[in-house]
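Numbering (the working numbering), first residue to last: 7 to 605.
This is the structure we're talking about:
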């Protein structure tokens, strides 16, 4: 036999749902209030009815004692059932609805009573206060039972007290009025309770819709899970109210935006200041996966409105992805340059092989010498003008890429930059971005040229990049520096519109400026000014790139043991030839790595 299942234990307590708990509590409150109000109303009602009955009895007694004939009859007659005092008292009792009207002398002997047998007898209650000239109101027991009584002195024509008048109101009638009032009072209380219950139900239904019919324990769990999720995910979350004020910031959002908990309760303009990030988060700029730059971070923002008129914005950090994308672009450029160099090297080897097979040994020697001398001259001419090895490497590498794309990349004769840069990697980032943009602008055009000028003015570094492309319209010369703004097709690894924004931010971070104008002869000219970019003359730069002091002359670049033999140079410009030995390729990789760190 299977074991008997345990009996289910009956659980008593509040229901789990928020709707049920709120409804039950509100109905209980309404019922409690109705009972309390009913009790508070009934307690004084009984006293009020007693007081009204006593005052009525006193008023009848006062009216009776005010009749002069009654005092004369009391003095001139004896107590009798047929006497004039009894007749007058009975008339007043019947007319007023009182239970009794008793007229007594100074000894307390009755001259009138409802029960004729009581006439001539002494009153059952103490009449001394009334006979002493005081008016009395009381609830007391007498020969006719419990009644509300009023007693007043009876005076003769001269004002002398000769007796008293006592009038009683049946107390059962008072109780009957109280009992009669209770059903009506309960009806009002019941109606109030019904209305309160209906209102409680409607409020509870609204709460049920707003809480999705959850239990309090579920809400507590959801709240704990929400806190854990918001502060545990690696995406920034910013919640805004309908007024655009920050009401929630998780840890990642504080890190990405560079603000703290003090921003909660303030508007985005107050917390972040003016800029594209504020415009994106506040909804002034609409779209999905919007790029923005905050500080040194590249962020992707999405904004979703909420039902209460606010919004929730999410932020993703794309800084590393952008760095990897730029490194990938640089690597692709190097691959293209190496492919072109490999093709050119094969042609040279074939030429050298042909000269040797034709036994033209002097021509072969001359050919090799020209090729080796051309590469050596190119490196020497670049390093004579650009003393920083990272910048020299990136320019030589870009020249190779430019030659592959059919663009003449040249270094201005005015260029002269000593080896005293404080932040060479930052300048490598600026040069790399501007040269890449210039190459993209002029690629495929007739007589495409890009000119780079790097020079120093005291401790200020000035960079100019000119191209022969279509240029930048005047109305777009500020837009080109905005986050996410670009006219180019996005690459496979991400979005454009970050390079020039980073250039301006790097320049402004050093107190400089970045602007674009129209170049002489057409095209665009980007001008970057970096104050305090160089150390004082005579000081050795302790930077990580290992630059020497400015007084040191650049060492001549030795030929690489794997350099191919000579050939005819394509141009006399040190960068326009586009030829770079394998020795230069690692330098471009070094510059790309530096660019990656600063992007």
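Backbone N, C-alpha and C fix where the C-beta goes; we use that ideal spot for every residue, glycine too.
- Helix or strand or just coil, what does DSSP make of residue 166? Along the chain shown, one-based indexing puts residue 166 at 160. In this structure, DSSP gives residue 166 a state outside helix and strand, which the three-state scheme calls coil.
- Message: Three or more C-beta pairs under 8 Å: does that hold for the stretch 197-215 against the stretch 168-178?
- Response: No, because fewer than three Cβ pairs between the stretch 197-215 and the stretch 168-178 fall closer than 8 Å, the two stretches do not touch.
- Query: DSSP puts residue 154 in a beta bridge; with which residues?
  - Reply: Counting from one through the chain shown, the residue named residue 154 turns up at place 148. According to DSSP, which records beta bridges pairwise, residue 154 is partnered with 145 and 175.
- Tell me, please, which residues DSSP counts as bridged to residue 473. In the chain shown, the residue the question calls residue 473 occupies position 467. Answer is 456.
- Message: Please return the same chain residues whose Cβ sits closer than 6 Å to the Cβ of residue 520, not counting the five positions on each side in sequence.
- Response: In the chain shown, residue 520 corresponds to position 514, counting from 1. Excluding residues within five positions, the ones whose Cβ falls inside 6 Å are 509, 510, 513 and 534.
- Task: With DSSP as the reference, label residue 276 as helix, strand or coil.
- Result: Against the chain shown, residue 276 aligns to sequence position 270. Looking at residue 276 - three-state DSSP - the assignment turns out to be helix.
- Item | Which of helix, strand or coil DSSP assigns to residue 428 | As a position in the chain shown, residue 428 is number 422, starting the count at 1. Residue 428 sits in coil when the DSSP states are folded into three classes, being neither helix nor strand.
- Counterpart residues of residue 308 in DSSP-defined beta bridges: Position 302 of the chain shown, counted from the first residue, corresponds to residue 308. DSSP output for residue 308 lists 320 as bridge partner(s).
- Where residue 152 and residue 42 are concerned, what is the direct C-alpha to C-alpha distance, given to the nearest angstrom? By one-based count along the chain shown, residue 152 stands at place 146. By one-based count along the chain shown, residue 42 stands at place 36. Spanning the two alpha carbons is a distance of roughly 30 Å.
- Whole beta strand (DSSP E) runs in the stretch 45-113 with 3 or more residues, listed along the chain? As far as the stretch 45-113 is concerned, its whole beta strand (DSSP E) runs of at least 3 residues are 106-111.
- Residues in its own chain within less than 8 Å of residue 321 by CB, not counting five upstream and five downstream? Sequence index remark: in the chain shown, residue 321 carries index 315 (1-based). 241, 242, 243, 244, 258, 259, 262, 263, 305, 306 and 307, listed in sequence order.
- Out of 372, 460 and 362, which has the shortest C-alpha to C-alpha gap to residue 392? Residue 392 sits at position 386 when you count from the first residue of the chain shown. Residue 460 is the option with its Cα nearest to residue 392.
- According to DSSP, what are the bridge partners of residue 159? As a working mapping, residue 159 is identified with position 153 in the chain shown. Bridge partners of residue 159: 170.
- Task: Would you mind giving the Cβ-Cβ distance between residue 456 and residue 469, rounded to the nearest angstrom? I have them listed as a contact below 8 Å.
- Result: Numbered from 1 along the chain shown, position 450 holds the residue referred to as residue 456. Numbered from 1 along the chain shown, position 463 holds the residue referred to as residue 469. Wrong, their Cβ atoms sit about 13 Å apart, outside the cutoff.
- Message: What does the Cβ neighbour count give for residue 447, buried or exposed, with the cut at 16 atoms within 10 Å?
- Response: The residue you call residue 447 lines up with position 441 of the chain shown. Looking at its Cβ environment, which holds 16 or more other Cβ atoms inside 10 Å, residue 447 is buried.
- Which one of 283, 213, 169 and 293 has the shortest CA to CA distance from residue 302? Reading the chain shown from its first residue, position 296 is the one you call residue 302. The residue among 283, 213, 169 and 293 with its C-alpha nearest the C-alpha of residue 302 is 283.
- Between the Cα of residue 105 and those of 68, 86, 77 and 62, spot the shortest distance and give me the residue it belongs to. Taking the first residue of the chain shown as position 1, residue 105 is located at position 99. Out of 68, 86, 77 and 62, the CA that lies nearest to the CA of residue 105 is found in 62.
- Message: In this structure, how does DSSP classify residue 255 when only helix, strand and coil are distinguished?
- Response: Reading the chain shown from its first residue, position 249 is the one you call residue 255. DSSP places residue 255 in the strand class (E or B) of the three-state scheme.
- Task: Return helix, strand or coil for residue 569, following the three-state DSSP convention.
- Result: On the chain shown, residue 569 is found 563 positions in, with the first residue counted as 1. With a pLDDT of only 32 at residue 569, under the threshold of 50, the placement of this residue in the model should not be trusted; the figure read from the coordinates follows. Coil, per DSSP.
- Query: Assuming residue 397 and residue 539 make a contact with CB atoms under 8 Å, what is their CB distance in whole Å?
  - Reply: Taking the chain shown and counting its residues from 1, one reaches residue 397 at position 391. Taking the chain shown and counting its residues from 1, one reaches residue 539 at position 533. Distance from residue 397 to residue 539 at the Cβ level is roughly 12 Å; contact not present, criterion being Cβ atoms closer than 8 Å.
- Query: Which residues mark the beginning and the end of the alpha helix (DSSP H) in which residue 242 is found?
  - Reply: Start at 1 with the first residue of the chain shown, and residue 242 comes out as number 236. Taken as a continuous stretch (DSSP letters only), residue 242 belongs to no alpha helix (DSSP H), being part of the beta strand (DSSP E) at 242-246.
- Item | residue 292 versus residue 286: straight-line alpha-carbon distance, rounded | In the chain shown, the residue the question calls residue 292 occupies position 286. In the chain shown, the residue the question calls residue 286 occupies position 280. The alpha-carbon separation between residue 292 and residue 286 amounts to approximately 7 Å.
- Task: May I ask you to list the residues that DSSP assigns as paired with residue 416?
- Result: Residue 416 sits at position 410 when you count from the first residue of the chain shown. The partner list for residue 416 (beta bridge, DSSP) reads 457.
- Item | Minimum C-alpha distance to residue 288 - residue among 311, 422 and 111 | If you number the chain shown from 1, residue 288 lands on position 282. Per the C-alpha coordinates, the member of 311, 422 and 111 positioned closest to residue 288 is 311.
- Check whether the Cβ atoms of residue 473 and residue 529 lie closer than 8 Å to each other. Within the chain shown, residue 473 is the residue found at index 467, counting from 1. Within the chain shown, residue 529 is the residue found at index 523, counting from 1. Yes, the pair counts as a contact, with Cβ atoms nearer than the cut-off.
- Give the secondary structure of residue 298 by DSSP, where H, G and I count as helix, E and B as strand, and everything else as coil. One-based indexing of the chain shown puts residue 298 at position 292. Residue 298: strand per DSSP, three-state reduction.
- Message: With a threshold of 6 Å on Cβ separation, who are the neighbours of residue 345 within its own chain once the five nearest residues in sequence on each side are excluded?
- Response: Taking the chain shown and counting its residues from 1, the one referred to as residue 345 is at position 339. Hits under 6 Å: none found.
- With DSSP run on the structure shown, which of helix, strand or coil describes residue 531? The residue given as residue 531 occupies position 525 in the chain shown. Note: residue 531 maps to strand in three-state DSSP.
- Message: DSSP has residue 536 in a bridge; who is on the other side?
- Response: Here the question's residue 536 lines up with position 530 in the chain shown. 467.
- Query: Looking at C-alpha atoms only, which residue of 276, 118, 400 and 36 is the closest neighbour of residue 436?
  - Reply: If you number the chain shown from 1, residue 436 lands on position 430. Ranking 276, 118, 400 and 36 by CA distance to the CA of residue 436 puts 400 first.
- Item | Counted within 10 angstroms of its Cβ, other Cβ atoms place residue 59 as buried (16 or more) or exposed | Start at 1 with the first residue of the chain shown, and residue 59 comes out as number 53. Taking all protein chains in view, the Cβ of residue 59 is crowded by 16 or more other Cβ atoms within 10 Å, so the residue is classified as buried.
- Among residues of its own chain, excluding the 5 on either side of residue 40, which ones have a beta-carbon nearer than 7 Å to its beta-carbon? Counting from 1 along the chain shown, the entry for residue 40 is found at position 34. If you ignore the 5 residues before and after residue 40, its C-beta comes within less than 7 Å of the C-beta of 195, 198 and 199, all in its own chain and listed in chain order.
- Item | For residue 513, the three-state DSSP class (helix, strand or coil) | Counting from one through the chain shown, the residue named residue 513 turns up at place 507. It is helical.
- Query: Would you report the Cα separation of residue 253 and residue 268, rounded to the nearest angstrom?
  - Reply: Walking along the chain shown from the start, residue 253 turns up at place 247. Walking along the chain shown from the start, residue 268 turns up at place 262. Cα to Cα, the separation comes out at about 11 Å.
- From residue 126 to residue 132, what distance separates their C-alpha atoms? On the chain shown, position 120 is the one that residue 126 refers to. On the chain shown, position 126 is the one that residue 132 refers to. Whole-angstrom Cα-Cα distance: 16 Å.
- Task: Give the range of the beta strand (DSSP E) segment to which residue 522 is assigned.
- Result: Here residue 522 refers to the residue found at position 516 of the chain shown. Run containing residue 522: 519-524, per the beta strand (DSSP E) assignment.
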